[in-house]
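Per the working numbering, residue 41 is the first one in the sequence shown, and the count goes up by one each step.
Heads up, the thing below is written out as structure tokens.
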Amino acid sequence: MFMKIHLLRVGAISFALAWSTASIPGAENQPVYLDASQPVETRVDDLLSRLTLEEKISLIHADSKFTTAAIQRLGIPRRWLDDGPHGVREDIGPDTWNPAGRTDDFATAMPAGICLAATWNPELGYAEGEAIGQEARARGKDIMLGPGVNILRTPLCGRNFEYLGEDPLLSGVMCSGYIRGEQSQDISSCVKHFALNNQETDRGTINVEVDERALREIYLPAFKAAVQDGGAWSVMGAYNQLRGQHCCHNDYLLNKILKDEWGFKGLVMSDWDGTHDTRQAALNGLDLEMGTDKKYDDFYLAQPYLNLLKSGELPPAGLDEKVRRNLRVMIATHVLDGDRKKGSLNTAAHQAVARQVAEEGIVLLKNENQTLPLDAAKLKTIAVIGENATRLHAHGGDSSGIKAFYEINPLDGIVKRAGGKVNVIYSEGYRKDGGAELGERAIAAAKSADAVIYIGGLNHDRGFDCEGADRRDMKLPYGQDELISKIIAANPKTVVALEGTMVEMDLWLDKVPALLQAWYPGMEGGNALAKIIFGDVNPSGKLPATFPKKMSDSPAHALGNYPGTNGMVTYAEGLLVGYRWFDTKNIEPQFPFGFGLSYTTFKYSNLKLISGDGTNEVVTAQFEIENTGKVAGAEVAQLYVHEKNPALPRPEKELKGFKKIFLQPGGKQTVLIPLTRSAFAYYDPARKSWVAQPDSFEIQIGGSSRDIRLRDDFTLAEK
Ligand code: BGC
Numbered sequence: 041m042f043m044k045i046h047l048l049r050v051g052a053i054s055f056a057l058a059w060s061t062a063s064i065p066g067a068e069n070q071p072v073y074l075d076a077s078q079p080v081e082t083r084v085d086d087l088l089s090r091l092t093l094e095e096k097i098s099l100i101h102a103d104s105k106f107t108t109a110a111i112q113r114l115g116i117p118r119r120w121l122d123d124g125p126h127g128v129r130e131d132i133g134p135d136t137w138n139p140a141g142r143t144d145d146f147a148t149a150m151p152a153g154i155c156l157a158a159t160w161n162p163e164l165g166y167a168e169g170e171a172i173g174q175e176a177r178a179r180g181k182d183i184m185l186g187p188g189v190n191i192l193r194t195p196l197c198g199r200n201f202e203y204l205g206e207d208p209l210l211s212g213v214m215c216s217g218y219i220r221g222e223q224s225q226d227i228s229s230c231v232k233h234f235a236l237n238n239q240e241t242d243r244g245t246i247n248v249e250v251d252e253r254a255l256r257e258i259y260l261p262a263f264k265a266a267v268q269d270g271g272a273w274s275v276m277g278a279y280n281q282l283r284g285q286h287c288c289h290n291d292y293l294l295n296k297i298l299k300d301e302w303g304f305k306g307l308v309m310s311d312w313d314g315t316h317d318t319r320q321a322a323l324n325g326l327d328l329e330m331g332t333d334k335k336y337d338d339f340y341l342a343q344p345y346l347n348l349l350k351s352g353e354l355p356p357a358g359l360d361e362k363v364r365r366n367l368r369v370m371i372a373t374h375v376l377d378g379d380r381k382k383g384s385l386n387t388a389a390h391q392a393v394a395r396q397v398a399e400e401g402i403v404l405l406k407n408e409n410q411t412l413p414l415d416a417a418k419l420k421t422i423a424v425i426g427e428n429a430t431r432l433h434a435h436g437g438d439s440s441g442i443k444a445f446y447e448i449n450p451l452d453g454i455v456k457r458a459g460g461k462v463n464v465i466y467s468e469g470y471r472k473d474g475g476a477e478l479g480e481r482a483i484a485a486a487k488s489a490d491a492v493i494y495i496g497g498l499n500h501d502r503g504f505d506c507e508g509a510d511r512r513d514m515k516l517p518y519g520q521d522e523l524i525s526k527i528i529a530a531n532p533k534t535v536v537a538l539e540g541t542m543v544e545m546d547l548w549l550d551k552v553p554a555l556l557q558a559w560y561p562g563m564e565g566g567n568a569l570a571k572i573i574f575g576d577v578n579p580s581g582k583l584p585a586t587f588p589k590k591m592s593d594s595p596a597h598a599l600g601n602y603p604g605t606n607g608m609v610t611y612a613e614g615l616l617v618g619y620r621w622f623d624t625k626n627i628e629p630q631f632p633f634g635f636g637l638s639y640t641t642f643k644y645s646n647l648k649l650i651s652g653d654g655t656n657e658v659v660t661a662q663f664e665i666e667n668t669g670k671v672a673g674a675e676v677a678q679l680y681v682h683e684k685n686p687a688l689p690r691p692e693k694e695l696k697g698f699k700k701i702f703l704q705p706g707g708k709q710t711v712l713i714p715l716t717r718s719a720f721a722y723y724d725p726a727r728k729s730w731v732a733q734p735d736s737f738e739i740q741i742g743g744s745s746r747d748i749r750l751r752d753d754f755t756l757a758e759k
């Protein structure tokens, strides 16, 4: 006899629900919706036909902070959602934002999204998604609330650390790999926040006015890639409004673009408390309401929606469509099947992924006179200075925070790597509300050492890299600018490593010989950083966003379009976000998009543009990269396109392809980057479509957006 066991979790209690086909009237065999050999749509149709009106309503809104109701008579288990992009968050609720207080909800803390983006390695995106998917299954989850792919429009956005930088192509490629990896584990990813949640200030109300081209070319492509290339089963709406309508029930974004144009078949959920109106929620593409600040029955898509359905004011087909999408995600992720993946937690493989993402995502920004790597055998005393050397970050960052199994901070990592050979002394140097004596002690420590490793930067406190608030400025907090200058004066052999997102550095950058951008490198971050500092790992990260010299250089601030006035923010810079602005306007950045140094050197040569057959790939850029230095290393070769006679103004250059190549010393590899017609296209608002017009283009290949090593012209012919 057919028999299935499902684990249902109610509150903190787990129990087994068993049912058999014998208990379902009229079914001699198993019902179609439970037959895993049937096509998903057939199963969805069958299950939909068995649901009552009230049961349908129960599937489209929450019944606790992170769950939806079970329907026990049909064996539909409670669905568990959880944050987020950097691992499986601790359990919350059920009815408050407080932690549930469990002792079994630890997880592997991956580096922050911006660090993953800085690896420029899509395979690592896949590996991270897969590991998080395995942990999500082991923790009994169904839908994971990530990745976050909102474009970095202003350096001040509090959630830039969670996202994948300023470039639509890089964000799209990195998130697609992540989603495929995560969803391979019978978990649905939920890409967020759709769309234009580019600031935290006034995030629940701000109305974004953006022109159609910028919307299509800058802010939507990563979501499109998530859905079409990554195959994401869920999408989360954003808190803000677009053109006067909240994004969680925005007809244009959800119905017209996501579902009609892109063919998205999965479910759209609201951000928590991002739903504001029953009719709009019913009609404008929302399929699952989460986190509204009301009793669950009073959610907009609960009793109020039921009333409008019963009175005939809203059509039943709309409800069926929402339920269908929810069921499709359940069935596609094998929620109803006995052979669903079981998952695993904190395995050596997961730890290795966390470490590798950090190793490949930390960016070497400056290295004069080969200051790095340090040679532990040649040093007697190293002074490690800075609060971030010992501060733990994994649990911070609000919804993306993780209750980590452990966290190797930078000091731990350095002591572990070099402590047996070198005397490592530590001085905090600065702290919020710390007194002058902290700095004095650190300067004394710096003087007494052969080398200094300064570990500073930002943290997840409110006002820095955090949710619900933006940064006030781009400055280093707690007097760090002054402290760094004094430490360099005390000991010129000072390596600075900064955690967090981008900061202004002009007060000390020219004096410091070596600089690393370490982001939030996750629970293996200290090990990764130490391996880079002492040369076990050759850095290969590249910036996924331009570092401006000062805030007022970056477009939103230069044009005075942040954070908006009278509830509205106008993206007047249009397409010119990030390097598109700096390059087009000829503004020198502190560090350009795509930049990152290595302990070795790479030579680019022999660019050939090989014509394709014109149907799919129109041209392939072929070139060689050689490791001309003494150590193994990896280079991210970037391909930019510049159109010579654009019909509409275009940015100076746009990233259209990249490849990360690992090479032994002396090693040489031929690299192929194929380009389709779409690589040459812009969005034409008049024609409401993408246009790749016949024209001459310059194809530029290099190690960053400002380090173009090879270039050649390509003529795009009429189709
Ligand atoms: C955040 C989302 C998150 C949700 C659930 C919201 O405040 O914006 O990113 O997934 O909370 O924690």
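C-beta atoms are modelled at their ideal positions from N, C-alpha and C, and glycine is treated no differently.
beta-carbon residue i near the ligand BGC non-hydrogen atom, thresh 7 Å
{"i": "residue 232", "result": "yes"}
{"i": "residue 160", "result": "no"}
{"i": "residue 204", "result": "no"}
{"i": "residue 510", "result": "no"}
{"i": "residue 507", "result": "yes"}
{"i": "residue 302", "result": "no"}
{"i": "residue 185", "result": "yes"}
{"i": "residue 312", "result": "yes"}
{"i": "residue 439", "result": "yes"}
Selected residue, minimal CA-CA separation from residue i, among the options
{"i": "residue 310", "options": "353, 223, 102 and 606", "result": "102"}
{"i": "residue 630", "options": "594, 613 and 463", "result": "594"}
{"i": "residue 79", "options": "371, 495 and 565", "result": "371"}
{"i": "residue 210", "options": "728, 713 and 695", "result": "695"}
{"i": "residue 673", "options": "305, 117, 145 and 400", "result": "400"}
{"i": "residue 453", "options": "70, 528, 395 and 199", "result": "395"}
{"i": "residue 760", "options": "270, 273, 308 and 325", "result": "Beyond the ends of the chain as shown, which are 41 and 759, falls residue 760; an answer cannot be given."}
{"i": "residue 536", "options": "567, 497, 587 and 566", "result": "497"}
{"i": "residue 100", "options": "241, 682 and 331", "result": "331"}
Whole-number beta carbon distance between residue j and residue i, since they are thought to touch under 8 Å
{"i": "residue 287", "j": "residue 342", "result": "With a Cβ gap of about 21 Å, residue 287 and residue 342 do not count as contacting."}
{"i": "residue 423", "j": "residue 488", "result": "7 Å"}
{"i": "residue 232", "j": "residue 188", "result": "5 Å"}
{"i": "residue 176", "j": "residue 225", "result": "7 Å"}
{"i": "residue 514", "j": "residue 195", "result": "5 Å"}
{"i": "residue 640", "j": "residue 676", "result": "With 8 Å as the limit, residue 640 and residue 676 do not qualify as a contact, their Cβ atoms being about 13 Å apart."}
{"i": "residue 622", "j": "residue 644", "result": "Residue 622 to residue 644, Cβ: 22 Å. No contact."}
{"i": "residue 463", "j": "residue 421", "result": "4 Å"}
{"i": "residue 441", "j": "residue 178", "result": "Not a contact, Cβ separation roughly 19 Å."}
{"i": "residue 127", "j": "residue 163", "result": "The Cβ separation is near 19 Å, so there is no contact."}
{"i": "residue 657", "j": "residue 437", "result": "Actually they are not in contact, since the Cβ atoms of residue 657 and residue 437 sit about 40 Å apart, beyond 8 Å."}
Assigned secondary structure, residue i (DSSP; H/G/I helix, E/B strand, else coil)
{"i": "residue 150", "result": "coil"}
{"i": "residue 345", "result": "helix"}
{"i": "residue 350", "result": "helix"}
{"i": "residue 512", "result": "coil"}
{"i": "residue 396", "result": "helix"}
{"i": "residue 63", "result": "Residue confidence for residue 63 is low, a pLDDT of 40 falling below 50, so the modelled location carries little weight and cannot support an answer."}
{"i": "residue 552", "result": "coil"}
{"i": "residue 749", "result": "strand"}
{"i": "residue 527", "result": "helix"}
{"i": "residue 286", "result": "strand"}
{"i": "residue 261", "result": "helix"}
{"i": "residue 159", "result": "helix"}
{"i": "residue 50", "result": "Caution is warranted here: a pLDDT of 30 is assigned to residue 50, below 50, making its placement in the model unreliable, and the coordinate value is therefore given only provisionally. Three-state result, residue 50: strand."}
{"i": "residue 541", "result": "coil"}
Check: residue i C-beta below 7 Å from any heavy atom of the ligand MG
{"i": "residue 124", "result": "The ligand MG is not among the ligands present in this structure, which contains only the ligand BGC."}
Those runs of the beta strand (DSSP E) which lie wholly inside the stretch 413-483 and span at least 3 residues: 421-425 and 463-467
Extract the residue ranges of the alpha helix (DSSP H) inside the stretch 298-341, only unbroken runs of 4 or more that lie entirely within it. 318-323
Quick one: which unbroken beta strand (DSSP E) runs of 3-plus residues sit fully inside the stretch 101-151? Chain order, please. 102-104 and 119-123
My parser needs the beta strand (DSSP E) runs of 3 or more residues fully inside the stretch 583-651; what are they? 608-610 and 642-651
Run through the stretch 226-281 for me and flag every whole beta strand (DSSP E) of 3 or more residues, listed as ranges in chain order. 228-234, 247-249 and 274-277
Which ranges would you report for the beta strand (DSSP E) in the stretch 672-710 if only whole runs of at least 3 residues count? 673-683 and 694-703
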